[in-house]
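Reading through the structure tokens given below for one structure.
Residue numbers (this note's numbering): 12 to 968.
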């Protein structure tokens with residue numbers, strides 16, 4: 012792979028373009044030259060990519076002197092490379108619509124407490140739309156990381172996938188093109204930054220400080236109307252004792268040249284809001300106050316009585332507050348430790364040239380004055396301490412303090428893109444490489460910032476009912492939940508404060524995409540090390556029609572997580588002793604099942620690492636393999652309590668319990684958690700087991716412990732735990748270990764999650780279970796393929812229900828057993844058949860074998876996507892159809908009659924996604940074949956006759 016020269020100036024870039032852009036040539040595996048940069052653009056696709064192959068391949072090409080385009084005929088993302096690199100267009104070629112309305116940085120990172128944009132351009136006059144003229148006039152932000160280099164290549168697999176079982180897509184990685192954009196920041200840019208998030212003393216002269224050992228004569232105390240109120244209590248200066256809603260503060264004239272004041276504020280028992288403790292800077296004609304509002308768990312900033320609320324203040328947490336004067340504004344910032352600062356907000360001071368006269372510390376009214384509220388409230392105690400006033404920031408005064416900042420000039424940020432062939436999908440992630448000889452801390456990152464065109468204009472506030480841009484955005488940083496919306500922790504559609512011309516009166520339109528963790532990662536990147544962010548996938552839709560959008564999401568999963576197309580038929584054996592497992596393996600081999608799972612409550616214990624137990628498990632696995640059966644087991648992780656020492660710690664209380672997703676949960680980076688994963692690796696290496704059913708998995712619980720060996724504290728706890736479990740899942744994928752995980756870990760290696768059902772419903776009477784199951788499959792396959800969700804068949808009692816709910820004895824309830832199998836196998840969905848056996852008589856065995864054979868005969872079709880025709884309601888026919896336009900057998904229509912009577916009627920079948928145009932040949936379950944016309948709405952009218960309680964299927968060719 013040829014790495015292009017660094018582009019450190021626009022002039023160098025232009026010379027480079029002339030010499031290289033005419034065709035970047037890379038060698039393929041045969042030594043042939045392959046052009047990845049094209050001289051001309053990729054043509055727009057003029058066919059429907061959902062039912063036709065797209066001939067255009069993903070490519071990168073030049074457009075003009077300083078732009079490159081990433082495109083595949085369906086979508087295009089355009090980058091301007093000078094004066095800095097930024098996305099200046101993102102187009103949906105299928106609808107000819109622009110996705111982008113404004114330029115933003117390629118990414119945002121916070122290193123050692125300092126926020127940096129990565130790339131981007133500034134100076135856009137209106138953020139509602141973007142013109143070529145504006146783009147040419149926009150400038151680079153000197154404070155941002157600057158573009159230096161790019162590299163083009165082919166897509167690469169982020170981890171290994173060992174294919175060991177049947178699947179319908181073995182292509183990995185997904186074919187396409189990759190683009191890497193490199194950014195660096197130099198010393199001059201860093202020096203010229205304002206010092207907004209540096210330590211208070213960095214580059215500033217100390218003008219005055221007071222630790223309040225004694226009350227300095229320069230302070231004057233303004234007491235509230237209460238006689239007992241005091242600024243000094245029990246000999247402690249700064250110990251304020253007064254009613255909650257009263258004013259009590261100390262005031263001091265500020266030294267000339269003061270540009271920053273800082274003070275420690277402990278709210279103690281104060282639960283007020285407007286009268287909450289804080290600081291105020293006083294000018295001759297106005298006052299700006301910055302305070303903690305402990306009663307509202309937020310901060311407040313007031314200017315001449317106008318109060319704004321911002322940020323989140325932790326209950327009971329003491330903070331350092333500081334007010335920094337810069338550029339005609341008062342910047343209000345807070346820190347828990349006087350080291351890591353975060354911005355709360357800014358207000359225009361109104362006096363850019365006027366010197367501040369005084370500072371006030373303590374409790375003040377809404378205007379920063381000394382008035383009390385009408386209701387004084389309860390008496391409270393709080394504490395102020397460690398006040399300091401500093402002068403103007405001066406880079407020349409940094410001295411040795413700059414060495415830590417200088418390290419940041421050795422940091423490289425790379426923004427990675429992959430664009431895939433044949434579908435409107437790209438992925439994006441960032442890497443942060445530390446080239447210094449000391450560590451740097453990555454406090455947080457935003458790997459995508461996209462100012463998207465709003466899909467609707469609303470004057471008022473819609474609350475949570477806003478329509479979002481028509482893009483499916485999903486990150487692999489996912490946790491809990493059985494659908495992407497529930498699990499998608501990094502993707503946020505938020506308000507765009509720069510979009511001043513939007514119709515929303517309060518600027519509330521959520522049209523700014525930010526992809527970032529809610530907390531952290533707050534990790535150290537050692538010398539020479541690289542941080543890799545989670546990948547984010549952006550799928551551009553061409554319709555808002557539910558089925559079409561769902562099909563496109565399913566195509567995405569098949570493309571970038573093809574292991575989800577593995578779909579083994581599995582049995583959950585009720586007991587884990589040798590005889591029970593052997594019988595289950597033998598029966599599975601007889602009827603065509605493919606996998607046995609030692610189920611929950613079976614006695615299987617994956618945490619038992621004794622040599623005797625591991626040898627016993629290996630013997631079971633070896634026997635199963637000799638019969639052509641895979642063997643796996645169940646392990647409970649999240650929803651269990653270990654101990655106070657090892658469980659996740661509540662950041663509000665400092666103790667375990669009361670906040671985790673499941674009430675209590677172990678921390679994966681506690682000593683217990685690390686040992687648990689060591690046991691998992693050991694178990695699979697020594698036994699040869701083929702599957703893990705990982706219940707609860709990791710649901711994203713944070714942990715405030717500072718004693719766990721695998722994480723420092725709250726800030727890095729979620730990231731470290733996600734890394735722990737996702738790295739294990741990737742390792743499993745590389746060994747071919749199948750993963751049943753009731754959480755959304757598909758993009759990091761899991762195969763299947765729950766289809767989406769209520770567990771206690773399997774204790775309902777058998778006939779009700781059948782209807783619920785059909786509803787669950789119908790509802791669960793809008794964005795999941797059939798193979799991505801498991802169902803359940805309670806061969807033995809599960810969550811109660813007794814004899815009316817269970818299928819055992821199997822031969823006595825064969826009708827219910829077959830109804831379950833018909834539900835599942837006609838839709839390509841697998842279930843947990845939980846019990847001690849699959850059959851008890853030859854008749855039962857034949858029925859199971861018949862349905863398994865049916866599924867395997869049409870497996871490739873039945874593992875394809877489901878078209879939703881009619882949802883089950885228990886009163887009439889319901890219908891689902893499996894479709895695959897690439898096969899000769901285009902569709903399987905499954906119609907179920909839940910009633911006690913024969914139903915004969917004509918149903919409308921949507922045929923568009925079969926790929927058939929004028930007519931279709933339809934063969935019924937009983938072998939009768941007839942050709943039917945497809946109308947110009949791509950519908951087919953199909954006469955059906957379905958017996959009471961029966962399933963009828965029709966094969967379409």
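A virtual CB, placed ideally from N, CA and C, is assigned to each residue, including glycine. Quick caveat, the model's predicted, so the values are computed rather than measured.
Under the three-state DSSP convention, the category residue 300 falls into = strand
Could you tell me whether the segment 378-393 touches the segment 270-290, using the rule of 3 or more Cβ pairs below 8 angstroms?
-> As far as the Cβ criterion goes, the segment 378-393 touches the segment 270-290, which means the pair count is three or higher.
Through-space distance from residue 833 to residue 965, alpha-carbon basis | 13 angstroms
For residue 673, which residues of its own chain have a beta-carbon under 6 angstroms away from its beta-carbon, when the five flanking residues on both sides are left out?
-> These residues qualify, in order along the chain: 649, 650.
Which residue from 395, 397, 430, 446 puts its Cα closest to that of residue 418?
-> 446
Which residue comes first and which comes last in the beta strand (DSSP E) that contains residue 627?
-> Not the beta strand (DSSP E): residue 627 falls in the alpha helix (DSSP H), residues 622-637.
In the segment 511-587, which residue ranges form an unbroken beta strand (DSSP E) of at least 3 residues, counting only runs that do not cross its ends?
-> Scanning the segment 511-587 for uninterrupted beta strand (DSSP E) segments of 3 residues or longer gives 523-526, 532-536, 541-543, 547-551, 581-584, listed from N- to C-terminal end.
Considering only residues of the segment 443-477, which uninterrupted beta strand (DSSP E) runs meet the minimum length of 3 residues and lie entirely inside it, listed in chain order?
-> With a minimum length of 3 residues, the continuous beta strand (DSSP E) runs that stay inside the segment 443-477 are 451-457, 459-463.
Which residues DSSP lists as bridging residue 77, in chain order = According to DSSP, residue 77 bridges with nothing at all.
State buried or exposed for residue 733, treating a residue as buried only when at least 16 other CB atoms are found within 10 Å of its CB.
-> buried
Residue 288 in three-state terms, based on DSSP | strand
CA-CA distance, residue 290 and residue 549?
-> 45 angstroms
Using three-state DSSP, classify residue 98 as helix, strand or coil.
-> strand
What does residue 964 pair with, by DSSP beta-bridge criteria?
-> The partner list for residue 964 (beta bridge, DSSP) reads 905.
Unbroken stretches of the beta strand (DSSP E), 3 residues or longer, contained in the segment 313-399 = Look at the segment 313-399 and you find these whole runs of beta strand (DSSP E), each 3 residues long or longer: 317-321, 330-337, 340-346, 352-359, 369-374.
Identity of the residue in 216, 301, 314, 222 nearest residue 267 by Cα = Minimum Cα distance to residue 267 is reached at 216.
Look at residue 336 and residue 378 and say whether their C-beta atoms are less than 8 angstroms apart.
-> no
My guess is that residue 574 and residue 172 are in contact by the Cβ rule of under 8 angstroms, so how many angstroms apart are they, rounded?
-> 6 angstroms
For the alpha helix (DSSP H) that residue 781 lies in, which residues bound it at each end?
-> 777-791
Count the other CB atoms within 10 Å of the CB of residue 338; is the residue buried (16 or more) or exposed (fewer)?
-> exposed
Residue 597 - partner residues in DSSP beta bridges | Bridge partners of residue 597: none, in fact.
What are the uninterrupted segments assigned as alpha helix (DSSP H) that are 4 or more residues long and contained completely in the segment 709-764, given in chain order?
-> 725-746
Consult DSSP for residue 180 and reduce its assignment to one of helix, strand or coil.
-> coil
Classification of residue 937 by the beta-carbon crowding that lies within 10 angstroms, buried from 16 upward | exposed
Do the segment 227-240 and the segment 167-181 touch if we need at least three Cβ pairs shorter than 8 angstroms?
-> Output reads no: the segment 167-181 does not touch the segment 227-240.
Could you give the DSSP three-state label for residue 935: helix, strand or coil?
-> strand
Following the continuous beta strand (DSSP E) through residue 855, name the residue where it begins and the one where it ends.
-> Per DSSP, residue 855 belongs to no beta strand (DSSP E); it is in the alpha helix (DSSP H), 853-868.
Does the count of Cβ pairs from the segment 560-571 and the segment 790-810 closer than 8 angstroms reach three?
-> yes
Collapsed DSSP secondary structure at residue 162 in the structure displayed = strand
Residue 930 bridges to which residues according to DSSP?
-> 944
Residue 430 - partner residues in DSSP beta bridges = 188, 437
Take the Cβ of residue 319 as the centre, count every other Cβ of all protein chains shown within 10 Å, and call the residue buried at 16 or more, exposed below.
-> Looking at its Cβ environment, which holds fewer than 16 other Cβ atoms inside 10 Å, residue 319 is exposed.
Inter-stretch contact at 8 angstroms, needing at least 3 Cβ pairs: the segment 690-710 / the segment 659-669 = Taking 8 angstroms as the limit for Cβ pairs, the verdict is that the segment 659-669 does not touch the segment 690-710.
Which residues in the same chain have their Cβ closer than 7 angstroms to the Cβ of residue 450, if we skip the five residues on either side of it in sequence?
-> 535, 536, 537, 538
Of the choices 461, 423, 552, whose alpha-carbon is the least far from that of residue 540?
-> In this structure, 423 is the residue among 461, 423, 552 with its C-alpha nearest to the C-alpha of residue 540.
To the nearest angstrom, report how far apart residue 824 and residue 818 are at their CA atoms.
-> 6 angstroms
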